[in-house]
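Peer 1:
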Amino acid sequence: MRSVKRNLILLLSSAFLLIIWQVAAQLLDSQILLPGLVPVFSTLLKLMSDPVFTPNVLFTVLRALESFLIIVVTATILGVLSGRYQLLSVALRPFVTVVKAVPVMSVILLAFIWFTSSTVPLFSAFLMGFPVMYLQIEMGVKQLDSNLLEMCNLYGFSKKTKITYFLVPSMVPYFVTGARTTLSMVWKVVIAAEVLTVPRYGVGSRMQLSQVQLETDKVLSWTLIAIFLTALGDLVLEAVIWISSSVKQQLDKRSVSCVS
Amino acid sequence: MRFLEIEKNYGENCVFDKFSLEIPPKTILSVVGPSGEGKTTLLQMASGLLQPDDGSIIRESGEEGPVSYLFQEPRLLPSSTVFANIELALRSTYSDKEERKALALHYLRLVDLDDSLGLYPHQLSGGMRQRVAIARAFAHQCNLMLLDEPFQSLDIKLKYSLLNAFVTLWEKNPKTTLFVTHDPKEAILLGDAVCCLGDPKKPLLYQKINIPRKARNIDDASLLALEAKLVQSLVQS
Chain D
1 MRSVKRNLIL
11 LLSSAFLLII
21 WQVAAQLLDS
31 QILLPGLVPV
41 FSTLLKLMSD
51 PVFTPNVLFT
61 VLRALESFLI
71 IVVTATILGV
81 LSGRYQLLSV
91 ALRPFVTVVK
101 AVPVMSVILL
111 AFIWFTSSTV
121 PLFSAFLMGF
131 PVMYLQIEMG
141 VKQLDSNLLE
151 MCNLYGFSKK
161 TKITYFLVPS
171 MVPYFVTGAR
181 TTLSMVWKVV
191 IAAEVLTVPR
201 YGVGSRMQLS
211 QVQLETDKVL
221 SWTLIAIFLT
231 ALGDLVLEAV
241 IWISSSVKQQ
251 LDKRSVSCVS
Chain V
261 MRFLEIEKNY
271 GENCVFDKFS
281 LEIPPKTILS
291 VVGPSGEGKT
301 TLLQMASGLL
311 QPDDGSIIRE
321 SGEEGPVSYL
331 FQEPRLLPSS
341 TVFANIELAL
351 RSTYSDKEER
361 KALALHYLRL
371 VDLDDSLGLY
381 PHQLSGGMRQ
391 RVAIARAFAH
401 QCNLMLLDEP
411 FQSLDIKLKY
421 SLLNAFVTLW
431 EKNPKTTLFV
441 THDPKEAILL
451 GDAVCCLGDP
461 KKPLLYQKIN
471 IPRKARNIDD
481 ASLLALEAKL
491 VQSLVQS
């Protein structure tokens, strides 16, 4: 019942946003300033049937995924080491502080001077997403339960057992929070970088070209695609988390049923 | 186990000064004392987590090797099942998986938790969690057991039920045990001897209890007298 109510509220609030859009479009009555729902959705359908739609979306997805994976791997390794070794944490602090404070646009513009247009989204997304994930992981390691660690040591847990049954489960909430925030940030930065650097294929490139030609319906259609991609990314991440937790519970159940 | 003329200081604060204490093999020594008088320090030195500044701690033959520790709080791994929490503590001593399973099940049966094997700690009540911790302490192969106020902050009914569970398991497999508590009643019901800390040089009180553990009754006149003596020592320290 609670999930039905939740879905109903979500549906109603989404419908409310669409109504506001349509009312605003009718009030402005201008296809350039704000086209209505019907022209935007029909443009969206046309875009989706266009042969260049797939490579544009695919390249953006690949750039986002690539940056996300690089961030997750590097930030996890460095975050764990920083949480463990105070000296490394102190050494990385200025880098993290600077990167956190630099505006996204400055990073993209500077990267555009240094790199090719297809590398800029990757580099910019890395710089923007890395501190979020890194700080979460570092905090997770610093906040490990010292009482549980003492118990593991007194009961002679091996390094492998400690990592599998204490360290990894303790880090999961921090990892998930970091990954969620990083993923939604990565989409935004990758598309923003594509808008500024206009690589051959990319959702951001299409947005930029449509904007230059004052095709607001296309800009809004590509924006809807970007929103859809972000939502899909979140859903996939949630699904991975849910599947992992279900598999763990099933394995736990199986090991217990073998005993009883 | 013997503490021989141990010294321990925390800055200016002297906790032990040539302090000696003996726990006869396979007996329980209950230690009571006010906060800050070295109860936890004594346990940590016994476990090897802390070294004395001077003096020595001798573990007699048969007391060497790993220790089992019952903490104030259960300290169970939150993402592991009740069964896994016990089984993991057996890995350092038993390489055979089937043997570990059988032992874990055996000890969980002894604390009446064999129907909760697949539950996670957050699905258990406080008393059930502490029973898992007791089962883990006994399942873990050791010859020395250290108890750091494990029955504190439990309601009276639960406390006595856990004390009984502990005594049942201990009588089946006695181990040299150091039991630290704030509660003189608990100390008297569980210990073969009771000791009161409060003076860095020597125990304020050390008395053996000759009544068998299972026959002890909190209304017994001699136990009530001992409790009064303990309370008096605690108040005066």
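In order, the protein sequences belong to chains D and V.
If you read the first sequence in my numbering, its first letter stands for residue 1, the second for the next number, and so on.
If you read the second sequence in my numbering, its first letter stands for residue 261, the second for the next number, and so on.
C-beta: ideal position from N, C-alpha, C; glycine also.
Going along chain D, which residues have a C-beta under 9 Å from ARG391 of chain V?
Peer 2: Locating residue 391 of chain V in the second sequence gives position 131, where the first residue counts as 1. Contacts between ARG391 of chain V and chain D, judged by CB atoms closer than 9 Å, are missing: the closest CB pair is about 16 Å apart.
Peer 1: Which bits of chain D does THR428 of chain V rub up against, with CB to CB less than 8 Å?
Peer 2: For the purposes of this step, residue 428 of chain V is taken as residue 168 along the second sequence, with counting starting at 1. Going along chain D, no residue has its Cβ under 8 Å from THR428 of chain V, so there is no contact; the nearest lies around 22 Å.
Peer 1: When you measure from the CB of LEU229 of chain D to every non-hydrogen atom of the ligand MG, does any distance come out below 8 Å?
Peer 2: In the structure shown, the ligand MG is absent, as is every other ligand, since no ligand is present at all.
Peer 1: Whole-angstrom Cβ separation of ARG378 of chain V and LYS253 of chain D, contact assumed at under 8 Å?
Peer 2: Your numbering for residue 378 of chain V matches position 118 in the second sequence. Your numbering for residue 253 of chain D matches position 253 in the first sequence. Strictly speaking, residue 378 of chain V in this sequence is Gly, with Arg absent from that position. Contact between GLY378 of chain V and LYS253 of chain D holds: CB atoms are separated by about 6 Å, below the 8 Å threshold.
Peer 1: So which residues on chain V does VAL259 of chain D lean against when the C-beta distance must stay under 8 Å?
Peer 2: Locating residue 259 of chain D in the first sequence gives position 259, where the first residue counts as 1. Under the 8 Å cutoff, chain V gives PHE343, LYS361, ALA364, LEU365 and LEU377.
Peer 1: Does the segment 215-234 of chain D touch the segment 136-148 of chain D, meaning 3 or more C-beta pairs lie closer than 8 Å?
Peer 2: no
Peer 1: Which residues does DSSP pair with LEU220 of chain D in a beta bridge?
Peer 2: Numbered from 1 along the first sequence, position 220 holds the residue referred to as residue 220 of chain D. Bridge partners of LEU220 of chain D: none, in fact.
Peer 1: Using the three-state DSSP reduction, which class does GLU333 of chain V fall into: helix, strand or coil?
Peer 2: The residue labelled residue 333 of chain V in the question sits at position 73 within the second sequence. Coil at GLU333 of chain V, not helix or strand.
Peer 1: Under the assumption that SER124 of chain D contacts ILE108 of chain D (Cβ atoms under 8 Å), give the Cβ distance between them as a whole number of angstroms.
Peer 2: Start at 1 with the first residue of the first sequence, and residue 124 of chain D comes out as number 124. Start at 1 with the first residue of the first sequence, and residue 108 of chain D comes out as number 108. The pair is a contact, with the Cβ atoms about 5 Å apart (cut-off 8 Å).
Peer 1: Using the beta-carbon count (16 or more within 10 Å), is TRP430 of chain V buried or exposed?
Peer 2: Start at 1 with the first residue of the second sequence, and residue 430 of chain V comes out as number 170. Under this definition TRP430 of chain V is a buried residue.
Peer 1: For ALA25 of chain D and THR116 of chain D, what's the separation of their Cα atoms in angstroms?
Peer 2: Along the first sequence, one-based indexing puts residue 25 of chain D at 25. Along the first sequence, one-based indexing puts residue 116 of chain D at 116. So the alpha carbons of these two residues sit roughly 39 Å apart.
Peer 1: Counting only Cβ pairs nearer than 9 Å, list the residues of chain B close to TYR174 of chain D.
Peer 2: Of the protein chains in the structure, D and V, none is chain B.
Peer 1: Determine contact between the segment 27-45 of chain D and the segment 152-165 of chain D, defined as no fewer than three beta-carbon pairs at a distance below 8 Å.
Peer 2: no
Peer 1: Here's the rule: buried if 16 or more other CB atoms are within 10 angstroms of the residue's CB, otherwise exposed. What is ARG84 of chain D?
Peer 2: Residue numbering aside, residue 84 of chain D sits at position 84 when the first sequence is read from its first letter. So ARG84 of chain D ends up on the exposed side.
Peer 1: GLU347 of chain V: which of V:ASP372, V:LEU483 and V:ALA395 sits nearest, CA to CA?
Peer 2: Here residue 347 of chain V is taken as the residue at index 87 of the second sequence, counted from 1. When each option's Cα is compared against that of GLU347 of chain V, the closest is V:ALA395.
Peer 1: In chain V, which residues lie less than 7 Å from LYS253 of chain D when you measure between Cβ atoms?
Peer 2: As a working note, residue 253 of chain D is residue 253 in the first sequence. Neighbours of LYS253 of chain D on chain V, chain order: GLY378.
Peer 1: Reducing DSSP to helix, strand and coil, say where LEU408 of chain V ends up.
Peer 2: For this step, residue 408 of chain V is matched to residue 148 along the second sequence. In the sequence under discussion, the amino acid at residue 408 of chain V is Asp, which differs from the Leu named in the question. The answer is strand: DSSP assigns ASP408 of chain V an E or B state.
Peer 1: Just how far apart, CA to CA, sit PRO410 of chain V and LEU370 of chain V?
Peer 2: Here the question's residue 410 of chain V lines up with position 150 in the second sequence. Here the question's residue 370 of chain V lines up with position 110 in the second sequence. Take the alpha-carbon of PRO410 of chain V and the one of LEU370 of chain V: they are about 18 Å apart.
Peer 1: How about THR161 of chain D: is its C-beta nearer than 9 Å to some C-beta of chain V?
Peer 2: The residue you call residue 161 of chain D lines up with position 161 of the first sequence. At least one chain V Cβ lies under 9 Å of THR161 of chain D.
Peer 1: Can you give me, in chain order, the residues of the segment 140-166 of chain D that have a beta carbon less than 9 Å from any beta carbon in chain V?
Peer 2: Cβ contacts with chain V: ASP145, ASN147, LEU148, GLU150, MET151, CYS152, ASN153, LEU154, TYR155, GLY156, PHE157, SER158, THR161, TYR165 and PHE166.
Peer 1: Which residue from V:THR301, V:ALA488, V:LYS461 and V:ASP443 puts its Cα closest to that of PHE279 of chain V?
Peer 2: For the purposes of this step, residue 279 of chain V is taken as the residue at position 19 of the second sequence. Residue V:LYS461 is the option with its Cα nearest to PHE279 of chain V.
Peer 1: When you compare the CB positions of LEU450 of chain V and SER290 of chain V, do they come within less than 9 Å of one another, or not?
Peer 2: Taking the first residue of the second sequence as position 1, residue 450 of chain V is located at position 190. Taking the first residue of the second sequence as position 1, residue 290 of chain V is located at position 30. Taking 9 Å as the Cβ cut-off, LEU450 of chain V and SER290 of chain V qualify as a contacting pair.
Peer 1: Counting only Cβ pairs nearer than 7 Å, list the residues of chain D close to HIS400 of chain V.
Peer 2: Taking the first residue of the second sequence as 1, we reach residue 400 of chain V at position 140. Those within 7 Å of HIS400 of chain V in chain D are TYR155.
Peer 1: State the Cα-Cα distance for the pair VAL440 of chain V and SER255 of chain D, rounded to the nearest angstrom.
Peer 2: Here residue 440 of chain V is taken as the residue at index 180 of the second sequence, counted from 1. Here residue 255 of chain D is taken as the residue at index 255 of the first sequence, counted from 1. C-alpha separation (whole angstroms): 36 Å.
Peer 1: Exposed or buried, what is CYS258 of chain D when buried is set at 16 or more other beta-carbons lying within 10 Å of its beta-carbon?
Peer 2: Position 258 of the first sequence holds residue 258 of chain D. CYS258 of chain D should be labelled exposed.
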